[in-house]
Amino acid sequence: MAYAQRAGLEVGEPLAAFIEGRCLEGSGLTADAFWNGFAAILAEFTPRNRALLEKREALQKKINDWHDARAGKKIDQTAYISFLKEIGYLVDEPAPFAIRTENVDPEIATLAGPQLVVPSRNARFALNAANARWGSLYDAYYGTDALPGAAAGGGYDRARGDRVIAAAQKLLDEIAPLASGGHGGVSAYSVENGALCPALKDPAQFAGWRGEASAPDAIVLCNNGLHIEIAIDRAHPIGKDSRAGVCDILMEAALTTIIDMEDSIAAVDAQDKTEAYANWLGLIDGTLEASFAKGGGLVSRSLDADREYVAPDGKPFSLKGRSVLLVRNVGHLMTTPAVLNPDGTEAFEGLVDAVVTSLIAGVDIRGRGRFRNSNAGSVYIVKPKMHGPEEAALTNDLFAAVENLLGYRPNTLKIGVMDEERRTSANLAACIKAVESRIVFINTGFLDRTGDEIHTSMRAGAFIRKGDIKNSEWIRAYEARNVQIGLACGLSGRAQIGKGMWAMPDRMADMMEQKIGHPMSGANTAWVPSPTAATLHAVHYHRVNVFDRQKELRSEPAPGLDRLLTIPIADGKNFSDEEIEKELENNIQGILGYVVRWIDQGVGCSKVPDINDIGLMEDRATLRISSQHVANWLRWGVCSKEQVDRVFLKMAAKVDAQNASDGAYEPMAENPDGDIAFAAARALVFEGEVSPSGYTEPLLHAFRLKKKAGAKTY
Numbered sequence: 018m019a020y021a022q023r024a025g026l027e028v029g030e031p032l033a034a035f036i037e038g039r040c041l042e043g044s045g046l047t048a049d050a051f052w053n054g055f056a057a058i059l060a061e062f063t064p065r066n067r068a069l070l071e072k073r074e075a076l077q078k079k080i081n082d083w084h085d086a087r088a089g090k091k092i093d094q095t096a097y098i099s100f101l102k103e104i105g106y107l108v109d110e111p112a113p114f115a116i117r118t119e120n121v122d123p124e125i126a127t128l129a130g131p132q133l134v135v136p137s138r139n140a141r142f143a144l145n146a147a148n149a150r151w152g153s154l155y156d157a158y159y160g161t162d163a164l165p166g167a168a169a170g171g172g173y174d175r176a177r178g179d180r181v182i183a184a185a186q187k188l189l190d191e192i193a194p195l196a197s198g199g200h201g202g203v204s205a206y207s208v209e210n211g212a213l214c215p216a217l218k219d220p221a222q223f224a225g226w227r228g229e230a231s232a233p234d235a236i237v238l239c240n241n242g243l244h245i246e247i248a249i250d251r252a253h254p255i256g257k258d259s260r261a262g263v264c265d266i267l268m269e270a271a272l273t274t275i276i277d278m279e280d281s282i283a284a285v286d287a288q289d290k291t292e293a294y295a296n297w298l299g300l301i302d303g304t305l306e307a308s309f310a311k312g313g314g315l316v317s318r319s320l321d322a323d324r325e326y327v328a329p330d331g332k333p334f335s336l337k338g339r340s341v342l343l344v345r346n347v348g349h350l351m352t353t354p355a356v357l358n359p360d361g362t363e364a365f366e367g368l369v370d371a372v373v374t375s376l377i378a379g380v381d382i383r384g385r386g387r388f389r390n391s392n393a394g395s396v397y398i399v400k401p402k403m404h405g406p407e408e409a410a411l412t413n414d415l416f417a418a419v420e421n422l423l424g425y426r427p428n429t430l431k432i433g434v435m436d437e438e439r440r441t442s443a444n445l446a447a448c449i450k451a452v453e454s455r456i457v458f459i460n461t462g463f464l465d466r467t468g469d470e471i472h473t474s475m476r477a478g479a480f481i482r483k484g485d486i487k488n489s490e491w492i493r494a495y496e497a498r499n500v501q502i503g504l505a506c507g508l509s510g511r512a513q514i515g516k517g518m519w520a521m522p523d524r525m526a527d528m529m530e531q532k533i534g535h536p537m538s539g540a541n542t543a544w545v546p547s548p549t550a551a552t553l554h555a556v557h558y559h560r561v562n563v564f565d566r567q568k569e570l571r572s573e574p575a576p577g578l579d580r581l582l583t584i585p586i587a588d589g590k591n592f593s594d595e596e597i598e599k600e601l602e603n604n605i606q607g608i609l610g611y612v613v614r615w616i617d618q619g620v621g622c623s624k625v626p627d628i629n630d631i632g633l634m635e636d637r638a639t640l641r642i643s644s645q646h647v648a649n650w651l652r653w654g655v656c657s658k659e660q661v662d663r664v665f666l667k668m669a670a671k672v673d674a675q676n677a678s679d680g681a682y683e684p685m686a687e688n689p690d691g692d693i694a695f696a697a698a699r700a701l702v703f704e705g706e707v708s709p710s711g712y713t714e715p716l717l718h719a720f721r722l723k724k725k726a727g728a729k730t731y
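Using the numbering used here, you'd call the opening residue of the sequence shown number 18 and step up by one each time.
Next up, the structure:
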């Protein structure tokens, strides 16, 4: 890689050119001032970052030693918790407090709805996600199993369409009922004296219209803060057959979207990082576009404009056409060759992300973009993989230093805390306290949190099967504690309390049945895998008033540490040969299916067929669980190295077959001993116990760099 010399740093030439050519204009900073300030931040925070990583490893060693000394004995939970307090893994709970975050957009603070997470390096996906603020309910019902059955091929299936329209009308009758009759019986919508005709049961649900009042093009309703647009066009192929001319029902859906620089992308050098940053800039300044082939033609995507209406009082108003965007930075562990410190070592990637993503967001703060992202003038940064309050405090101080460099007012940079590491969830209130003036988000997620659970307690014993972990005691405590602690710390009305991903994008009927549990739990946002899923999940927020639900839950006690820290080990259970084989095949097939795309194609998140050929959204979090689980079973002799290797070979053939139609795919089974992706997958398992915190990034990055350098074999 070619480097440019800047303020004692070596900066990858693509990144240096991007910052100087596209990011600094209008920032008020000269290039010299920026680079000198950037170098000063790296000099200040690199030693502190490194020391906290060393503390992680020191704590892990003490935990390993504690378990080793008690091998074969049942864990005394009281003694275990006392030990964790003694070594500083657990800290004292802070005195009761309420967060002090200000200048937060309503999409985050006072509204409840779906959230998307999208890889920053895929411009098309990023645009689709940003535009998923509004989605067609007709399309979502027509094209998924959320409505039983499926459309017949060969053009528009009229019978399917009729069922879709009936289901949508039924939903309208549920969430915005008329004073008399149902929406399906309406022959025409109109507005008279600022009121909807026919009248709504609750007239306050009428939010406005577009077009002529006597024959509007759209009617806008509102329920639980979310809007619904009844689109009317009697010339439309669907509208011409509707009594009222209704051609679609549009749901306000993904209120927020996380543009991800972390788990869902493969960014291993300056070229990759610059591509990710450039897409973030394009979203913020409104210039990002993407074109792709579809239906024999070329389709272009850009950001949607705001939606214009007339309010019941006759005044014009607009509703945002796009999600409010957050950006997920990298955690504290990884370094990047995109920037080298004066001593030649790689800079911590999270430090680089904080500076560059915040610099780019200045376009929005100064109102220089085509659209406004944050009307409140804030920058929303999701910070993952922090271990405990000291690491949260590091991020708080880092953000203050970045604000000082860029000339932003204090606490402009907001933080979303991913509650995905064991030491964070065990000390969640203290972590929130460390960022009490910045916090806008806490989130639970089965995936990374389970990976850390396994790695932290690797020496405690053999873990139960991966599927059974989802129903274990600590998971239930974890999910409930996150909400209760968030409410106790005053997040309601100021910040999001989030829940994790629905990972099966083709199983929308199951999602509609199960994911209502997230708003019922008091979460005012939850992750979905696609814009279509966001449209459907929005229905749950119409059916559940989350803020009322939070009031009901606020008085409930948070589950105690004894439940949260109950390690899900098998306690002497002997797994059958069939159970062991099935578990290994399930884990290893998932590992290979994800890793081969990551290493060979640089795809950090995609829909990967599982062992039963069901498409699952996979990223590094799912990879961490599977690789750590197999590593745990290897340590405890549940399976042998030879057995694991045999399953690796068997599953390589299966994954090859599943990807046979992908012209860019490189088969593994033909030459497993020399295949780079296959070697990476094996390393994640066989080196999993010694990988820092069980993270997959160090190995993935190392093998991907080999591939990018042109290596043909391992």
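Quick reminder that beta carbons are idealized off the backbone N, C-alpha and C, glycines included.
>> Checking 8 Å against the spacing of the C-beta atoms, do Q618 and K671 come in under that value?
In response: In the sequence shown, counting from the first residue as 1, residue 618 sits at position 601. In the sequence shown, counting from the first residue as 1, residue 671 sits at position 654. Not a contact, by the Cβ cut-off of 8 Å.
>> If you measure between the beta carbons of I247 and Y294, is that distance less than 8 Å?
In response: Counting from 1 along the sequence shown, the entry for residue 247 is found at position 230. Counting from 1 along the sequence shown, the entry for residue 294 is found at position 277. The answer is no: Cβ separation not under 8 Å.
> Given V134, which residues of its chain have a CB within under 6 Å of its CB, disregarding the five upstream and five downstream residues?
Replying inline: Residue 134 sits at position 117 when you count from the first residue of the sequence shown. Same-chain partners within the cutoff: I275, D277, W544.
> Given F142, which residues of its chain have a CB within under 7 Å of its CB, disregarding the five upstream and five downstream residues?
Replying inline: Residue numbering aside, residue 142 sits at position 125 when the sequence shown is read from its first letter. The residues are V135, P136.
>> Looking at L320: is its Cβ nearer than 8 Å to the Cβ of G331?
In response: Position 303 of the sequence shown holds residue 320. Position 314 of the sequence shown holds residue 331. Going by C-beta atoms, L320 is not nearer than 8 Å to G331.
>> Buried or exposed for T95, going by 16 or more other Cβ atoms inside 10 Å?
In response: Position 78 of the sequence shown holds residue 95. Under this definition T95 is an exposed residue.
>> Please classify E191 as buried or exposed, where buried requires at least 16 neighbouring CB atoms within 10 angstroms.
In response: Here residue 191 refers to the residue found at position 174 of the sequence shown. Exposed is the call here.
> Roughly how many angstroms separate the alpha carbons of K532 and T47, rounded to a whole number?
Replying inline: Counting from one through the sequence shown, the residue named residue 532 turns up at place 515. Counting from one through the sequence shown, the residue named residue 47 turns up at place 30. Going from the Cα of K532 to the Cα of T47 covers about 49 Å.
> Is the beta carbon of F480 less than 8 Å from the beta carbon of N604?
Replying inline: Start at 1 with the first residue of the sequence shown, and residue 480 comes out as number 463. Start at 1 with the first residue of the sequence shown, and residue 604 comes out as number 587. Inclusion of F480 and N604 in the CB contact set at 8 Å is not warranted, their separation being larger than that value.
> Quick one: any contact between the stretch 397-408 and the stretch 424-442, if contact means 3 or more CB pairs under 8 Å?
Replying inline: Because the criterion of three Cβ pairs below 8 Å is met, the stretch 397-408 and the stretch 424-442 touch.
> CA-CA distance, S153 and N460?
Replying inline: Walking along the sequence shown from the start, residue 153 turns up at place 136. Walking along the sequence shown from the start, residue 460 turns up at place 443. Rounded to the nearest whole angstrom, the C-alpha separation of S153 and N460 is 27 Å.
> Taking DSSP as the reference, what is the three-state secondary structure of P546?
Replying inline: Here residue 546 refers to the residue found at position 529 of the sequence shown. In this structure, P546 counts as coil in the three-state DSSP scheme.
>> On the criterion of 16 or more Cβ atoms from any shown chain inside 10 Å, does Y712 qualify as buried, or is it exposed?
In response: Here residue 712 corresponds to residue number 695 of the sequence shown, with the count starting at 1. By the 10 Å Cβ count, Y712 comes out buried.
>> Contact defined as beta carbons within less than 8 Å: I believe S391 pairs with D122. What is the distance between those atoms, to the nearest angstrom?
In response: For this step, residue 391 is matched to residue 374 along the sequence shown. For this step, residue 122 is matched to residue 105 along the sequence shown. The Cβ separation is near 5 Å, so the contact holds.
> Thinking just about the alpha-carbon of each residue, which of D179, I301, Q288 is nearest to the one in R260?
Replying inline: Counting from one through the sequence shown, the residue named residue 260 turns up at place 243. It is D179.
>> Taking the alpha helix (DSSP H) that E530 belongs to, which residues open and close that run?
In response: By 1-based counting over the sequence shown, the position of residue 530 is 513. Counting along the chain, the alpha helix (DSSP H) containing E530 begins and ends at 525-531.
> What is the rounded straight-line gap between the Cα of A88 and the Cα of D594?
Replying inline: The residue you call residue 88 lines up with position 71 of the sequence shown. The residue you call residue 594 lines up with position 577 of the sequence shown. Rounded to whole angstroms, the gap between the alpha carbons of A88 and D594 is 24 Å.
> How many angstroms separate the CA atom of E244 from the CA atom of G338?
Replying inline: Counting from 1 along the sequence shown, the entry for residue 244 is found at position 227. Counting from 1 along the sequence shown, the entry for residue 338 is found at position 321. Correcting the residue identity first, residue 244 is His in this sequence and not Glu. One C-alpha to the other measures close to 12 Å.
> Where does the unbroken alpha helix (DSSP H) through P626 begin, and where does it stop?
Replying inline: As a working mapping, residue 626 is identified with position 609 in the sequence shown. Per DSSP, P626 belongs to no alpha helix (DSSP H); it is in the beta strand (DSSP E), 623-626.
>> Could you give the first and the last residue of the continuous beta strand (DSSP E) run that contains R23?
In response: To locate residue 23, count along the sequence shown from 1; it is residue 6. DSSP places R23 inside the beta strand (DSSP E), whose first and last residues are 20-23.
>> Taking only three categories from DSSP, how would you classify H244?
In response: For this step, residue 244 is matched to residue 227 along the sequence shown. Note: H244 maps to strand in three-state DSSP.
> For I104, does the three-state DSSP call read helix, strand or coil?
Replying inline: Walking along the sequence shown from the start, residue 104 turns up at place 87. DSSP places I104 in coil when its eight states are reduced to three.
> Are L633 and V612 touching if we call contact CB-CB under 8 Å?
Replying inline: One-based indexing of the sequence shown puts residue 633 at position 616. One-based indexing of the sequence shown puts residue 612 at position 595. No, these two residues do not count as a Cβ contact at 8 Å.
> What are the boundary residues of the beta strand (DSSP E) that includes G338?
Replying inline: Sequence index remark: in the sequence shown, residue 338 carries index 321 (1-based). That residue, G338, is in no beta strand (DSSP E); it is neither H nor E in DSSP.
>> Considering only their Cβ atoms, is the gap separating A129 from R241 smaller than 8 Å?
In response: The count along the sequence shown starts at 1 and reaches residue 241 at position 224. The count along the sequence shown starts at 1 and reaches residue 129 at position 112. In the sequence under discussion, the amino acid at residue 241 is Asn, which differs from the Arg named in the question. For N241 and A129, yes; Cβs fall inside 8 Å.
> Does the Cβ of T412 have 16 or more other Cβ atoms within 10 Å, making it buried, or fewer, making it exposed?
Replying inline: Reading the sequence shown from its first residue, position 395 is the one you call residue 412. Burial call: buried.
> Among A147, A235, P359, M685, which residue has its Cα nearest to the Cα of E61?
Replying inline: Taking the first residue of the sequence shown as 1, we reach residue 61 at position 44. Among A147, A235, P359, M685, the Cα nearest to that of E61 belongs to P359.
>> In this structure, how does DSSP classify A235 when only helix, strand and coil are distinguished?
In response: For the purposes of this step, residue 235 is identified with residue 218 of the sequence shown, where counting begins at 1. The answer is strand: DSSP assigns A235 an E or B state.
>> One question on the structure: do K431 and V396 come within less than 8 Å of each other, judged by their Cβ atoms?
In response: Counting from one through the sequence shown, the residue named residue 431 turns up at place 414. Counting from one through the sequence shown, the residue named residue 396 turns up at place 379. Yes, the Cβ-Cβ distance between K431 and V396 is below 8 Å.
> The beta strand (DSSP E) spanning V612 covers which residue range?
Replying inline: In the sequence shown, the residue the question calls residue 612 occupies position 595. Under the DSSP assignment, V612 falls outside any beta strand (DSSP E), being part of the alpha helix (DSSP H) whose first and last residues are 594-618.
> How would you label I104, buried or exposed, when you count the other beta carbons within 10 angstroms and need 16 or more for buried?
Replying inline: As a first step, residue 104 is located in the sequence shown; it is residue number 87 there, counting from the start. With fewer than 16 other Cβ atoms within 10 Å, it is exposed.
>> Please tell me whether N707 and A447 are closer than 8 Å, where the distance is taken between their beta carbons.
In response: Residue 707 sits at position 690 when you count from the first residue of the sequence shown. Residue 447 sits at position 430 when you count from the first residue of the sequence shown. Looking at the sequence shown, residue 707 is not Asn but Val. Cβ distance not < 8 Å, so V707 and A447 don't count as in contact.
> In chain order, what residues of the same chain lie with their CB nearer than 7 Å to the CB of I628, ignoring the 5 residues before and after it?
Replying inline: The residue labelled residue 628 in the question sits at position 611 within the sequence shown. For I628, where only same-chain residues beyond five positions count, the Cβ hits under 7 Å are E602, N603, Q606.
> Considering only the beta carbon of each residue, do A271 and R150 sit closer than 8 Å?
Replying inline: Taking the first residue of the sequence shown as position 1, residue 271 is located at position 254. Taking the first residue of the sequence shown as position 1, residue 150 is located at position 133. Closer than 8 Å, so yes.
>> Quick check on the DSSP output: the beta strand (DSSP E) that includes S153 runs from which residue to which?
In response: Here the question's residue 153 lines up with position 136 in the sequence shown. Element bounds for S153: 151-153.
> Can you name, in chain order, every residue of its own chain whose Cβ lies under 6 Å from the Cβ of C264, other than the five neighbours on each side?
Replying inline: Here residue 264 is taken as the residue at index 247 of the sequence shown, counted from 1. Sequence-distant partners of C264 (beyond 5 residues in either direction) whose C-beta falls short of 6 Å from its own C-beta, in its chain, are A248, D250, H253, I255, G256.
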